[in-house]
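Since the structure comes first, as structure tokens, the remarks are kept for the end.
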Amino acid sequence: MYDFTKSKDRSNTGSIKHDFAPEPVRGSGFIPMTVADTEFPAPPAVNEAVKCAAEHGCYGYTYADKPYMEAIAGWQKRRHEWEIDPEWYVVTNGVVQALGIAVRAFTDTGDSVIVQSPVYFPFYGAIEDNGRVIVDNPLVNVNGRYVMDFADLESKCARPEVKLMLLCSPHNPIGRVWSADELKKVAEICRRHGVVVVSDEIHNDLVLFGNRHTVFASIDPDNCIVCTAVSKTFNLAGLSCSNIFAPDPVLREKFKKAAHTSGCGCVPYVARWATIAAYNECEDWLVGLIDTVEGNYLLLKRFISERLPRLSVTELEGTYLAWIDMRALGMDHEALTKLLVEKALISDNDGAMFGKNGEGFRRWNIAIPRKTLEGALERLEKTLNSI
Ligand SMILES: Cc1ncc(COP(=O)(O)O)c(C=O)c1O
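Right, dumping it as structure tokens:
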């Protein structure tokens, strides 16, 4: 019913992935697989809602009214079995913004914050740029599937200067959908040591192959905030709106205060209309997107095992970001980037961006038409055969 076989030409729209792609790929028929937005237009019902917003034409200050909160609550209940109280709500203009706010709200200068590398690189900035210290609890790659090191997490949480953990759930870039058991262990360890959890659940709806996302707040509501958004699910990142939930009143007050200090307070007018339409009317569109991503992942996996056996791809449970292990090529990450980006014109992400243990890996955004992915794989094969 929805067409996920074609992409839109995004040049001259200000797209970071396209118009701000680095030289030499910009404007040269490159394969766009970097920034985590999709090459597919948003659902038609969202576009209709945005048109209605434009027809009304009063782009004034806007907040989370009843239809907005009902749309969010209905979605979270249907998709994630999570009952939201509107009282818990705090708006921010993006999840990355919320991460920085949370760091300032729940820690003091010089305190330490846990991350699990390799991880979405703005996690590091949210900590260091705010004068806090990164403490890494690296994920462990067991035959191509990453797991948490709970003993290490326990010992790091026990350090008195550790006050906060930034959890990525589902995890970008390694594609895990953490199980309820894993999250329970994280919750127990953090609670035992008085470490607050910020659960970045922006990829919560992009869960593949029958996996299930567990909302952290459904496990330990009193010791966390949960960051959600429509942006990844429906390709609406440019609307700059995120929905943050803090069930615990003390954490909520701290977060709200820090959010206001950072100038947050309004739901962007267009985002309000788009969110209501997306959550109320676009579940079937999401089914189509997930189906496309699953099919793309299976193609990627098969191609790699049959035609590029020196590479391997991590099991993808969630997100549309595939994590490809190219360590066996024996190239350092700069040489690999030169080869892929400059020679093959595959615009992807260097795994080293996500942490030192990401070196030798590449992150491919596979929310692209299948034909484009096939083109990328063929280019990759040709380029690797030529060296
Ligand atoms: C884990 C994670 N958090 C946050 C973001 C960005 O969120 P926002 O655009 O709402 O700041 C991304 C985008 O790739 C992401 O992968």
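Going by the numbering used here, the sequence shown opens with residue 4, and the numbers climb by one from there.
In this text, a Cβ means the ideal position worked out from N, Cα and C, and glycines have one as well.
Could you say if the region 81-96 and the region 130-146 meet the contact criterion of at least three C-beta pairs nearer than 8 Å?
no
Rank V122, H83 and Y127 by C-alpha distance to the C-alpha of G103 and give the top, closest one.
Y127
When the Cα atoms are used, what is the spatial distance from C171 to V122?
8 Å
Can you pull the DSSP bridge partners for M72?
In DSSP, M72 forms no bridge with anything.
4 or more residues per run - each alpha helix (DSSP H) lying fully within the region 327-373
336-340
Looking at the unbroken alpha helix (DSSP H) that takes in T217, where does it start and where does it end?
Where T217 is concerned, there is no enclosing alpha helix (DSSP H), given that its DSSP letter is neither H nor E.
Quick one: is H206 buried, meaning 16 or more other Cβ sit within 10 Å of its Cβ, or exposed?
buried
Count the other CB atoms, across all protein chains shown, that sit within 10 Å of the CB of C267; report buried if there are 16 or more and exposed otherwise.
buried
To the nearest angstrom, how far is it from the Cα of S265 to the Cα of D111?
16 Å
So, using beta-carbon positions, are E384 and R310 closer together than 8 Å?
yes
Which of helix, strand or coil does DSSP assign to N96?
coil
Spell out the partners DSSP gives D40 in its beta bridges.
Answer is none; D40 lacks a bridge partner.
Using only alpha-carbon positions, find the residue among G32, P27 and M4 that is nearest to N14.
Reading the sequence as shown, one finds Ser at residue 14 and not Asn. Of the listed residues, the one whose Cα sits closest to S14 is G32.
Note the first and the last residue of the continuous alpha helix (DSSP H) segment covering S202.
Run containing S202: none in the alpha helix (DSSP H); it sits in the beta strand (DSSP E), V199 to D203.
Where do the ends of the beta strand (DSSP E) carrying Y66 lie?
Y66 -> no beta strand (DSSP E), and no H or E assigned at all.
Go ahead and pull the three-state DSSP assignment for L209.
coil
Once you ignore the five residues that flank D155 on each side, which residues in its own chain have a CB closer than 6 Å to its CB?
N140
Quick check: what's the CA-CA separation for M151 versus S202?
15 Å
Count Cβ pairs between the region 274-294 and the region 234-241 that sit closer than 8 Å; are there 3 or more?
yes
What's the C-alpha gap between A262 and K341?
40 Å
Just to confirm, is the Cβ distance from S115 to P372 under 8 Å?
no
Rounded to the nearest angstrom, what separates S182 and T217 at their Cα positions?
7 Å
Relative to ligand 1, is the shortest distance from any of its heavy atoms to the C-beta of C171 smaller than 7 Å?
yes
Check whether the Cβ of I130 lies closer than 7 Å to any heavy atom of ligand 1, and answer yes or no.
no
Unbroken beta strand (DSSP E) runs of length 3 or more, entirely within the region 139-187: which are they?
143-145, 148-150 and 165-171
Any heavy atom of ligand 1 within a distance shorter than 7 Å of the CB on V116?
no
If you measure from the CB of H206, is any heavy atom of ligand 1 nearer than 7 Å?
yes
Please list, in chain order, all residues of the same chain as I279 whose beta carbon is under 8 Å from its beta carbon, the five residues on each side excluded.
A52, P70, Y71 and A74
A325, DSSP secondary structure in three states
strand
Can you confirm whether the region 343-353 touches the region 303-317 when touching is taken to mean that 3 or more C-beta pairs between the two stretches lie within less than 8 Å?
no
Beta carbon of P224 nearer than 8 Å to that of D251:
yes
Identity of the residues DSSP links to N246 by a beta bridge:
V94 and T231
Residue from I390, E381 and N368 whose Cα sits closest to the Cα of P35:
N368
Distance, Cα to Cα, E164 vs E58?
53 Å
Tell me whether C285 is buried or exposed, calling it buried when 16 or more other Cβ atoms sit within 10 Å of its Cβ.
buried
Around the Cβ of I19, are there at least 16 other Cβ atoms within 10 angstroms (buried) or fewer (exposed)?
exposed
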